[in-house]
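Just so you know, we're using my numbering here: the sequence shown kicks off at 1276 and counts up by one. Built from N, CA and C at the ideal position, the CB exists for glycine as well. Keep in mind the model is a prediction, meaning the values are calculated, not measured.
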Amino acid sequence: MKSYTSDPAHWSRFAHIDPSKQYTRNLVYSVPGVFNLLLLVWNPGKESPVHDHADAHCLMKIMKGSLVESRFAIPSRPGEQGPLLQTARKEFGSDQVTYMADVLGLHAISNPHPTEHAMSLHLYTPPNAALRGCNVYDMRNGEVRHVRQDMYDSVGGRVGM
């Protein structure tokens, strides 16, 4: 991922935008049980919830714009209440790559630009969240809920799959 220079001609057909959402999850390619590759399109000023990665490894490359990653400590005891502890915050620009896994904690991604979309390519291996979902956390009180991650806004560049 690091050696690839982003070229919209390669990925723009996967960049489905839905202004009613924080971001869209567009499946580019998958090998069941091995990995999935998604292009996420981030609406201006929007963010993901704080989440884990279902015991998977995630590589994220910024394809267009910039994104901010905020990392948080995993609550030390299940059901522990209280605000999540932020451990890091970093902005990534076009063609930069970052890595995330549950051993590093939780994170949230946001598009800081007020008017421009950002786009990022995500490689998940194994694709555990697509199989069994992941956990999202309320930053204010640490409450956790399980969510499905097997739905996509487009598949292979086609909407409505």
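Asked: Here's the rule I'm using: 16 or more other beta-carbon atoms within 10 Å means buried, otherwise exposed. How should residue 1278 be labelled?; Found: exposed
Asked: Should residue 1393 and residue 1314 be called a contact, given that it needs their Cβ atoms to be closer than 8 Å?; Found: no
Asked: Roughly how far, in whole angstroms, is the beta-carbon of residue 1326 from the beta-carbon of residue 1410, given that I think they are within contact range, below 8 Å?; Found: 7 Å
Asked: By a C-beta neighbour count over all protein chains shown, 10 Å radius and 16 as the cutoff for buried, is residue 1330 buried or exposed?; Found: exposed
Asked: Under DSSP, the beta strand (DSSP E) around residue 1364 begins and ends at which residues?; Found: 1361-1368
Asked: Would you kindly check if the distance between the Cβ of residue 1347 and the Cβ of residue 1379 is under 8 Å?; Found: no
Asked: Grab the span of the beta strand (DSSP E) containing residue 1315 for me, first residue to last.; Found: 1310-1317
Asked: With contact counted as at least three CB pairs below 8 Å, one residue from each stretch, are the region 1362-1374 and the region 1330-1340 in contact?; Found: yes
Asked: Going along the chain, which residues of its own chain have a beta-carbon closer than 8 Å to the beta-carbon of residue 1423, five neighbours each way excluded?; Found: 1408
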